[in-house]
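Notes follow the structure.
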Amino acid sequence: MPTYYAVIGGSRGVGLEIVRQLAANPNNTVYVTARNVEKSVHLVKVVQDAPAQNVVPLQVDVVDHRSLKAAAEQVAQATGGALDVLIHNAAKMDYANGNQFRSLTEYDSMDALDAEFIEAFKVNTLGAIHSIDAFLPLLRKGSTKKIIIISTGGGERNIVWQARLNMTAAYGVTKCAENMVMTKYAAELVDEGFVVAAISPGVVDVTGTNPSPPSAEELADLKRITDKIVKNIPNYGDNPLTPEQSVKKVLGIVHSLGPQDTATFHSVRG
Ligand SMILES: NC(=O)c1ccc[n+]([C@@H]2O[C@H](COP(=O)([O-])OP(=O)(O)OC[C@H]3O[C@@H](n4cnc5c(N)ncnc54)[C@H](OP(=O)(O)O)[C@@H]3O)[C@@H](O)[C@H]2O)c1
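In our numbering, the protein residues as written are 1 to 270.
Encoded structure:
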């Protein structure tokens, strides 16, 4: 029996590596979304190199719920209406305007803060709802009924406080809301035998598949964050993981989860 996966946001970084590792098993068929399939050069290569030709790219912007419905219809036509595992990975990780790293007091203006929060909410929070909503009818017909959200310690209240992580405010607040989306769907679907869970991949160096190399400013901001985490959570480990290392652990968790684990948050850092 083939296992059907959908990875939402797999053009690069963690999502791309999830696709690559899943595709190594010829029993899997992996549907993967990107905002611009043709321009996603790393994804195009993963599709071409997949040993069993078992990766199918689809064009989706998670802000646009219609594009997710259209993708889900395409998947349903190919699989007889079923999907086994949905992995929602897409997130706004846009460093271009420098707002990604800002704390609540570091924005140039309240208008700039509003704009960043609204855009981050659309991608990180509503995006997860759009994606689960579109694929839910297929997941109901699937064999494992698994919904995984790729989350972050930066959206977990205890970790943020322990690390005194004031930076990445819009990202953290909207990823925290995404964890609540996970919990709400878990509550909605518990009687149907679903497992809905969140997994943090840890700090991962994804620069290898970035569309452009990180600027000196971006690297300095990243260092500011990791230094703070390492200082305040001494056993966290200061080396970023490679996508390969992180995703191996992420998928180990994905495979281990059963209905008894619904509504749980996991981290590859333990
Ligand atoms: N890297 C880390 O250290 C780290 C740590 C903790 C958690 N995470 C989580 O891991 C996940 C992946 O992050 P990453 O580090 O791999 O980031 P990344 O390399 O920047 O990849 C982000 C992915 O999200 C997609 N995306 C962004 N906006 C989208 C939209 N509107 N619609 C559809 N797709 C969209 C991007 O697609 P495009 O190519 O179209 O932009 C890309 O595939 C995120 O959920 C993040 O919160 C990462």
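Beta carbons: idealized from backbone N, C-alpha and C, even for Gly.
The structure displayed is predicted, hence computed values, not measured ones.
Asked	Found
For V55, the first and last residue of its enclosing beta strand (DSSP E)	V55 to Q59
Per-residue burial, I150 [other beta carbons within 10 Å of its own, 16 or more giving buried]	buried
Inter-residue spacing [alpha-carbon to alpha-carbon] between Y171 and A76	32 angstroms
Check: G98 C-beta below 6 angstroms from any heavy atom of ligand 1	no
In DSSP terms, what T3 is bridged to	N28
Range of the contiguous alpha helix (DSSP H) that encloses A71	H65 to T79
Chain-order list of residues whose beta-carbon lies under 6 angstroms from that of A52 (same chain, five-residue window excluded)	P26
Unbroken stretches of the alpha helix (DSSP H), 4 residues or longer, contained in the stretch 83-109	none
Proximity test, D61 beta-carbon vs ligand 1 heavy atom, cut-off 6 angstroms	yes
Distance CB(T183)-CB(A90) smaller than 7 angstroms	no
Euclidean distance between Cα positions of G13 and S246	11 angstroms
Exposure of N36, with buried meaning 16 or more beta-carbon neighbours within 10 Å	exposed
Reduced DSSP secondary structure (H/G/I, E/B, other) of S11	coil
Proximity to E275 [Cα-Cα], best of T105, F135 and N99	In this structure the chain extends from 1 to 270, so residue 275 is not present and cannot be described.
Of the listed residues P57, A24 and L22, nearest to G9 (C-alpha basis)	P57
Buried/exposed call for N179, threshold 16 Cβ in 10 Å	buried
Closer than 6 angstroms: R35 CB and nearest ligand 1 heavy atom	yes
I18, DSSP secondary structure in three states	helix
Range covered by the alpha helix (DSSP H) that runs through A177	A169 to L189
Helix, strand or coil at F194 [DSSP, three-state]	coil
Continuous alpha helix (DSSP H) assignments of at least 4 residues falling wholly in the stretch 211-240	216-232
Helix, strand or coil at T33 [DSSP, three-state]	strand
7 angstroms Cβ cutoff met for L83 and L139	yes
Exposure of S40, with buried meaning 16 or more beta-carbon neighbours within 10 Å	buried
Neighbourhood of G142 by C-beta, 6 angstroms cutoff - its chain only, sequence neighbours within 5 removed	A82, L83 and D84
At least three beta-carbon pairs within less than 8 angstroms, the stretch 196-212 to the stretch 233-241	yes
Inter-residue Cα distance where the pair is A50 and L22	10 angstroms
Whole-angstrom C-beta distance between A169 and R102, which should lie under 8 angstroms	6 angstroms
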